[in-house]
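Right, one structure below, let's go through it.
2 protein chains.
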Amino acid sequence: MAEGLRMIPFWEVNVMSEKKKYLYLFSEGNRDMKEILGGKGANLAEMTNIGMPVPQGFTISTEACTQYYHDGRKINDEILSDIYEYIEKMEQITGKQFGNVENPLLVSVRSGARASMPGMMDTILNLGLNDEVVVGLAKRTNNERFAYDSYRRFVQMFSDVVMELSKSDFEEIIDEMKAEKGVKLDTELSADDMKELVAKFKALYKEKMGKDFPSDPKEQLIEAVKAVFRSWDNPRADVYRRMHEIPYDWGTAVNVQAMVFGNGGDTSGTGVAFTRNPATGEKALFGEYLINAQGEDVVAGIRTPSPISHLEQQMPEVYHQFVDIANKLEQHYKDMQDMEFTIEDGKLYMLQTRNGKRTAEAALKIAVDLVDEGMIDRKEAVLRVDPKQLDSLLHPQFDPDALKAATPIGRGLAASPGAACGQVVFTAQDAQNAVQSGEMKKVILVRLETSPEDIEGMQVAQGILTVRGGMTSHAAVVARGMGTCCVSGCGEIVVDYPNRCFTLDGKCYKQGDWISIDGSTGKIYGEAIPTTKAGTSEHFQRFMRWADEAREMMVFANADNPTDAQQAVEFGAQGIGLCRTEHMFFEADRIRAVREMIVARDKEGREKALAKILPYQQGDFEAMYKVMGERPMTIRYLDPPLHEFLPTKDEEVADLAKELEVDAVQLKNVIRSLKEINPMMGHRGCRLAVSYPEIAEMQTKAVINAAINVTRETGMKIEPHIMIPLVGDVHELKFVKDIVVRTADKLLADAGMEMHYQVGTMIEIPRAALTADEIAPEADFFSFGTNDLTQLTFGFSRDDTGKFLSYYYKNKIYESDPFAHLDRNGVGKLVAMTARLGREAKPEIGLGVCGEHGGDPSSVEFFQKVGLDYVSCSPYRVPIARLAAAQAAIRFPRK
Amino acid sequence: MAEGLRMIPFWEVNVMSEKKKYLYLFSEGNRDMKEILGGKGANLAEMTNIGMPVPQGFTISTEACTQYYHDGRKINDEILSDIYEYIEKMEQITGKQFGNVENPLLVSVRSGARASMPGMMDTILNLGLNDEVVVGLAKRTNNERFAYDSYRRFVQMFSDVVMELSKSDFEEIIDEMKAEKGVKLDTELSADDMKELVAKFKALYKEKMGKDFPSDPKEQLIEAVKAVFRSWDNPRADVYRRMHEIPYDWGTAVNVQAMVFGNGGDTSGTGVAFTRNPATGEKALFGEYLINAQGEDVVAGIRTPSPISHLEQQMPEVYHQFVDIANKLEQHYKDMQDMEFTIEDGKLYMLQTRNGKRTAEAALKIAVDLVDEGMIDRKEAVLRVDPKQLDSLLHPQFDPDALKAATPIGRGLAASPGAACGQVVFTAQDAQNAVQSGEMKKVILVRLETSPEDIEGMQVAQGILTVRGGMTSHAAVVARGMGTCCVSGCGEIVVDYPNRCFTLDGKCYKQGDWISIDGSTGKIYGEAIPTTKAGTSEHFQRFMRWADEAREMMVFANADNPTDAQQAVEFGAQGIGLCRTEHMFFEADRIRAVREMIVARDKEGREKALAKILPYQQGDFEAMYKVMGERPMTIRYLDPPLHEFLPTKDEEVADLAKELEVDAVQLKNVIRSLKEINPMMGHRGCRLAVSYPEIAEMQTKAVINAAINVTRETGMKIEPHIMIPLVGDVHELKFVKDIVVRTADKLLADAGMEMHYQVGTMIEIPRAALTADEIAPEADFFSFGTNDLTQLTFGFSRDDTGKFLSYYYKNKIYESDPFAHLDRNGVGKLVAMTARLGREAKPEIGLGVCGEHGGDPSSVEFFQKVGLDYVSCSPYRVPIARLAAAQAAIRFPRK
């Protein structure tokens, strides 16, 4: 044994290896421990630290959750004994005891992931109650009705959330009892009614589960913790995570907190509030509360709550204390806070605070206001708005004239802004089916209330209309997050699910009828009102200027016609990164010539047909140059396989044959000969120009002539950017480039004009990425076609993934759609390699992206990191890309 | 300016920069300068150095050729003046002068690339003749007929080769004259006839070219040099280069050599000879010559030459001198030499020597003999045989019994070994058309003689039969190179091209009739004789043992059934690298169950059908294990899209519906729903197992049960290798591997048996290569599926390249088919990256290749370089792969 090394006996090793800490009292954590404690847990700890009135408890860390999955969905003995230990600590702190009839500890159990996942995770309240404890609670509070109300709530919630029994079975029992007693509200039920409910619930539980409802509070707690862990993996959570790019391996924490009761009578209550208006951003306390209720009542939207301002009259002291706390929290977190509170017998408790979700409009106003108030600087402000949210600003509004002529049939809460118009459907499934089958193009989902199961249906809907629930109801929160228009809480609506219709303002609206809703005003219209494009506010302009100041990458748009180009410029595009010329080929006035070109038997025939297309194409480019001015415009040469331009049905072929004056049988043979087994990997892109150089020649004529004409007409300095698609080998690029240069130089010489032009290439074939060092010397720029690059790198065609991608999500093989968010490990490696090889071979080479990923914030961040010069995306995503690029530059500056 | 640095005035810079050397006298070069001088030039220089009788001259380097292309197909002034300078040097050396009537310098101009390209490049003889010089030559040689014969040859050759006039126009004139004079052979024409021919040829030239035949020898030379350069780029050269993987950018050298004349009378002649028999390898001078002829006459096969041994009687002194030289050359080069010589007026001149092309049989014998003779060592011997050549040994021979019953209808020269049987076609184009259209599966190409234009037709033919030409004729040389059976010089055949038939032995054979030829005996049969698989000689076994000693990679075979597995073992395969299970699915007795599985609506239905397939599949594996013994066998799980197993025609669908007792319309819908837009990138490979884990489960049962049964039965130690196809993400592999492990471990536990098994993955998706470090920890081995990897890396589907690949060759974008030879710059980069990342993550991981490239020598070399453990290829290519791997190991040893 080497000198100086001491052998460590195994028992010492055991002692020395530090035991992993899985549990934390609220007093042990702080706001920076979100990764371990989750958002809710970290903020409960922080509030505890700064002396807020927080019912105490502990947090079971996210690491315990991942360990649970690692152990095959089991809580291991170590963590189990830790939990028991922390229950004891909690009992000491609160002076109450689990199962103690005199002084029972009752707790809430809540999930809390790193990122807020509203409605996705499950909560259990009043845990610790059993037949003995409830008696003690009734005695201690001198409120039997409250005790049994709490108990029946607990039994119901535990059965539903923990044991996954059907919620509606329990609701049916309540409804039966209310009918029997002739009352309308839960609050009208008596203590004895509640007792009876508990008995009936427990009987139902036993019937369904085959065993008694668990009476041991510790057993209840462990089951509840497991249920929270389990819920991390439910399909709704999967959908939410995929939508919000939350990694599966993060896991969720569990917060166990001493219960305080808002349902103990008229000096108790519960509510939620925001320090600023989450819909408008207005600086004023905004929220709602219910007296004699538990938190779930507010969020679920079963009773319609009162605005927070009413609390000032009802409980002035509590109200002022709350306002004070709210201000302190906002100052502390330097952001708008979303808080939950409970008033127990006149005493205020804070149950949660977090940075509040908000509409895009509100996000902008709050960010700008916080700068003006001196709380944050501009860069911080830029980071405060989720780029994806801007979408909602850019969404349609009602056409003002059409709106004038329309009369509302009702009004609900303006829960999520924007206007929508669509056909009525009543279930999330119907919404999905109708849209996916193409039966309806736009739907409005009408529900009593929404629940997490409805997410996918909500995603496809233009708008959401609910009967119950306030601004913080599930429907409202989720719709704002999605940027989908929502009107909530329109209690006048009578929904008849079985007959698929609703009645409002005395009229019946059936499934398929058209209605319109305005999520900014809450108005509902019994007709289709055309919508117009979105407008943007003054805050928006100011905010986006800050973003542009911070940005390092340019943002271009993909646009194929002057209208789109104009829209792109209005949204702040600095150029066009992708103008697809084939879209121009499809237009009715030229498709004939295109088809003539395709079926031509020789070069001469093709050239004749191309000569007919030239003036159209040149005219298109001239119009676009006029819109774009001196901004760069990148024109991609013909890309799709030629058969896409030809008809396939026999009658159409016959018509075309007549039109082109060729034999129909012969034409059919031509069309058949163009058919490909894998057209995505077939005769397309630059392969067309290699086979038929005359196509590239014609397109060059159109580009250069258009530039010459517009230069002459306007005096602008135009530099055409010509982009060759589907290059996989430098010789392909060189071949097509030679045609371009030869043609362009001759035209310019003939015109006696000096004009710079660039010839670049798409990088969308893996081989192009791998040989970027060979290609770069021939290219003025590279533009990543990340759609095709993703297809080829993954080896699946976007058109065919439908058959198996759902299995991939189900089996956790993919967490997100690689066509939506750039796959960094695979495709991203190619992008980074290309950028490096390209720059090494030609330092001045331009690097950009023109695939769909150019408008996706997480992908944009990656492009910033690997040093691209620009991203290009559809015009409506330009503001999103601008903001995403700004945030990426702030987070990952190049200098 | 830094001290010690001296400013260099620009005129000095000019002087100091060394002028590039483009030309070399034969005395300036040597055998090691092939890159610059080409093979022919380097060997002419070497022979000059060692004192052989070589007519002197100079070589224009390959760099001059690439400069010519670089300058836009122009010889620049610098090179031009160099050529003039070297003409002067040559005039000094030879004491003759260009255009000097008294003592004219006449030269041959020959191409000479680095690698020999027989028949691909063009030669001009007798250059320097004009109307004046010819008179002087006649006077000087006192042989007017010879002078004008040389002149008419020159005019014809220059017109054809340099000016690209039609050769047949000139031949027509000769034929007319022969008919007119009533003679049969050129040699029977008189001096005046020759004069008349010259006049007629020059008139034809003027008519076609619109100007006089050039009389200035220097102008003739420059045009000839340009023609050689140009010929580097002709389509035949392209085809040859692609076939032999010769890079386009090598270029060709040009050799300008003083003429010696074999056509000056009966003491002159010309011939070609090999130091050993190029067909059998027998150690004996082998060759042929023609008296009173120029080299082209021998090679073109227009007159049938005499065997070299006859020269001993005819010119004993010359013969012995030649034998002496031949021996010296073989000793010098330590290899069998292929020599060209000319006898001018009784004096021997060597015009060329090179390592002779030979049949595979001869190559093996020569290599083995040279070792036995102590001339080379075993490793050198292993390097001496082109692996691709082994193909010919492995080609079919006639079935001996069938052959006994057959009577030959004629006999030609045994020009290239092997037996062939096919339908008669008369043009290369017909051969291509018939085979490509599927009209005929096997064709025998019957020609008067072949020419370089015929190469593509020769490639598709089973065998080649020619009327004219010897063992060194174009047909013979090319066929040997291709390993295609060839019988040449069967003069009894009368071909009637216009009527597409030939007469032999009094019988007429029409296009489409079946004949058989034996390239090892020269026999021709007027019927189809079945062929059997090839046998291998004793040399082969000995030689292959040496190869195996040198080899570092293992060689496996791709085999899907016991017969192929048996063949693979006989050819020396050390295991099976790819057993495709889907081929087993297609067999008639199980396809019904496969289809039942596919159309099943749920897991239960699928499992029921899979249970029916299981015994078949298990039986297949048992049979294969028995053949393979303890050699590794890698079984790939189901790979193709399911629709490949279903019928498409309406009647077939109806039949299937009846068979499966399902509704035909419903079945049609199922089939339609399985249709994919890009099936190559669709629902296949491991995506099937992810969607339907029960398939992987059934296959695992089949593999493991088979291994258990065979182990029990035979006591062999079997280690199944299970391979998951089309993996692109580690989670895919993990998911399927989990199924395999779970299923296998249970079976083994139930059987109470210990058995190691491996689970590995194909690397055929670019993303798998890019993330090999993530995948490696889950994989026991990686096997590169280079076919799919090539498709996806290039972004084109093998099935659809037909439409554009010809344009790619024409435009020099691709020099070879990436499906035949691994693309090192692109696909190879991914392979190397995978090997590196995989080994870094898991040093013990197995690395192999099972795509078609596994049997391609140039690809095998690459796999040796990047450190793979094995290659796997079709059984018939196993010996080729063994030899290629041995050569690669000798050239690029790992230790």
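Protein chains in written order, with the numbering used here: chain S, 540 to 1434; chain Z, 540 to 1434. Where a beta carbon is used, it is the ideal one built from N, C-alpha and C, also for glycine.
{"query": "Please confirm whether Glu1313 of chain Z and Asn1350 of chain S have their CB atoms less than 8 angstroms apart.", "result": "no"}
{"query": "Examine chain Z for any beta-carbon lying closer than 8 angstroms to the beta-carbon of Asn1364 of chain S, and answer yes or no.", "result": "yes"}
{"query": "Looking at chain Z, which residues of the region 1315-1335 of chain S have a Cβ within less than 8 angstroms of any of its Cβ atoms?", "result": "Asp1327, Gln1330, Leu1331, Thr1332, Phe1333, Gly1334 and Phe1335"}
{"query": "By Cβ distance below 7 angstroms, which residues in the same chain neighbour Ala1089 of chain Z in space, the five residues on each side in sequence not counted?", "result": "Lys918, Val921, Ala1425, Ala1428 and Ile1429"}
{"query": "If you draw a straight line from the C-alpha of Ser556 of chain Z to the C-alpha of Glu567 of chain Z, how long is it?", "result": "With a pLDDT of 49 at Ser556 of chain Z, under the threshold of 50, the modelled position of that residue is not reliable, and the figure given next carries that caveat. Taking the straight line from one Cα to the other gives about 22 angstroms."}
{"query": "With DSSP as the reference, label Ala1070 of chain S as helix, strand or coil.", "result": "Correcting the residue identity first, residue 1070 of chain S is Thr in this sequence and not Ala. Here Thr1070 of chain S sits in strand by DSSP."}
{"query": "I'd like the list of long-range same chain contacts for Lys981 of chain S, defined as Cβ closer than 6 angstroms, with 5 residues on each side in sequence excluded.", "result": "Gly961 and Gln1001"}
{"query": "What does the Cβ neighbour count give for Thr1253 of chain Z, buried or exposed, with the cut at 16 atoms within 10 Å?", "result": "exposed"}
{"query": "Could you tell me whether any Cβ in chain S is nearer than 8 angstroms to the Cβ of Met555 of chain Z?", "result": "Confidence is the limiting factor: at Met555 of chain Z the pLDDT is only 45, short of 50, which leaves the residue's position unreliable, though a coordinate-based value still follows. Met555 of chain Z does not count as touching chain S."}
{"query": "Contact between the region 755-768 of chain Z and the region 791-807 of chain Z: three or more CB pairs below 8 angstroms?", "result": "yes"}
{"query": "Suppose the cutoff is 7 angstroms on Cβ atoms and the five residues either side in sequence are ignored; what does the same chain contact list for Ala1245 of chain S look like?", "result": "Gln1157, Phe1160, Glu1161 and Tyr1164"}
{"query": "At the 8 angstroms Cβ level, is Phe1041 of chain S part of the contact set with chain Z, yes or no?", "result": "no"}
{"query": "I want to know whether the region 1101-1109 of chain S touches the region 1123-1137 of chain S - three or more CB-CB distances under 8 angstroms.", "result": "no"}
{"query": "Taking the Cβ atom as the reference point for each residue, do Gly1168 of chain Z and Met1255 of chain Z lie within a distance shorter than 8 angstroms?", "result": "yes"}
{"query": "Is the Cβ-Cβ distance between Phe565 of chain Z and Thr587 of chain Z less than 8 angstroms?", "result": "yes"}
{"query": "Taking the alpha carbon of Gly949 of chain Z as the point to measure from, which residue in Z:Gln936, Z:Gly1061 and Z:Gln928 has its own alpha carbon closest?", "result": "Z:Gly1061"}
{"query": "When the Cβ atoms of the region 842-851 of chain S are set against those of the region 767-775 of chain S, are three or more pairs found closer than 8 angstroms?", "result": "no"}
{"query": "Could you check the C-alpha separation between Val554 of chain S and Tyr872 of chain S for me, to the nearest Å?", "result": "Since pLDDT at Val554 of chain S reaches only 44, below the 50 mark, its modelled position is unreliable, and the value read off the structure follows with that caveat. Taking the straight line from one Cα to the other gives about 40 angstroms."}
{"query": "Using a 10 Å radius around the Cβ and a threshold of 16 neighbouring Cβ atoms, would you call Phe1402 of chain S buried or exposed?", "result": "buried"}
{"query": "Give me the chain S residues within the contact set of Asp911 of chain Z, using Cβ-Cβ distance strictly less than 9 angstroms, ordered along the chain.", "result": "Correct list: empty, because the minimum Cβ distance to chain S is about 48 angstroms."}
{"query": "Along the chain, where does the beta strand (DSSP E) containing Leu1443 of chain S start, and where does it finish?", "result": "Residue coverage of chain S in this structure runs from 540 to 1434, which leaves residue 1443 of chain S outside it and unanswerable."}
{"query": "In terms of residue numbering, what span does the alpha helix (DSSP H) encompassing Gln1297 of chain Z cover?", "result": "Unbroken run through Gln1297 of chain Z is the beta strand (DSSP E), Gln1297 to Ile1302; no alpha helix (DSSP H)."}
{"query": "Taking a Cβ distance cut-off of 7 angstroms, strictly less, list which residues of the region 923-946 of chain Z are near chain S, in chain order.", "result": "none"}
{"query": "At which residues does the alpha helix (DSSP H) containing Glu1271 of chain Z begin and terminate?", "result": "Val1269 to Ala1290"}
{"query": "List, in order along the chain, the chain Z residues whose C-beta lies closer than 7 angstroms to that of Lys1368 of chain S?", "result": "Leu1309"}
{"query": "Report the residues of the region 1180-1201 of chain S with a CB closer than 7 angstroms to any CB of chain Z, ordered along the chain.", "result": "none"}
{"query": "Determine the extent of the beta strand (DSSP E) in which Tyr687 of chain S is found, giving its start and end residues.", "result": "Counting along the chain, Tyr687 of chain S falls outside any beta strand (DSSP E), though it belongs to the alpha helix (DSSP H) covering Glu683 to Met696."}
{"query": "Measure from the alpha carbon of Asn831 of chain Z to the alpha carbon of each residue in Z:Leu903, Z:Ser689, Z:Met914 and Z:Ser1230, then state which is nearest.", "result": "Z:Ser689"}
{"query": "Report the option in Z:Phe825, Z:Lys558, Z:Phe861 and Z:Asn816 whose CA atom is closest to the CA atom of Glu900 of chain Z.", "result": "Z:Asn816"}
{"query": "Going by DSSP, what residues sit across from Asp1057 of chain S in a beta bridge?", "result": "S:Ala958"}
{"query": "Leu544 of chain Z: buried (16+ other C-beta within 10 angstroms of its C-beta) or exposed?", "result": "Here Leu544 of chain Z scores only 41 on pLDDT, less than 50, and its place in the model should not be relied on; the value that follows carries that caveat. Exposed is the call here."}
{"query": "Within the region 850-923 of chain Z, note down every full beta strand (DSSP E) run reaching 3 residues or more, in order along the chain.", "result": "876-883 and 886-894"}
{"query": "Give the straight-line distance between the Cα atoms of Tyr608 of chain S and Ile1054 of chain S, rounded to the nearest whole angstrom.", "result": "46 angstroms"}
{"query": "Would you please verify whether the beta carbon of Val1388 of chain S is less than 8 angstroms from any beta carbon of chain Z?", "result": "no"}
{"query": "Let me make sure I understand the geometry here. Which of S:Asn972, S:Gln928 and S:Leu1195 has the alpha-carbon closest to that of His783 of chain S?", "result": "S:Gln928"}
{"query": "Pull out every residue of the region 1262-1282 of chain S whose Cβ sits closer than 8 angstroms to any Cβ of chain Z, in chain order.", "result": "Leu1265, Gly1267, Asp1268, His1270, Glu1271 and Phe1274"}
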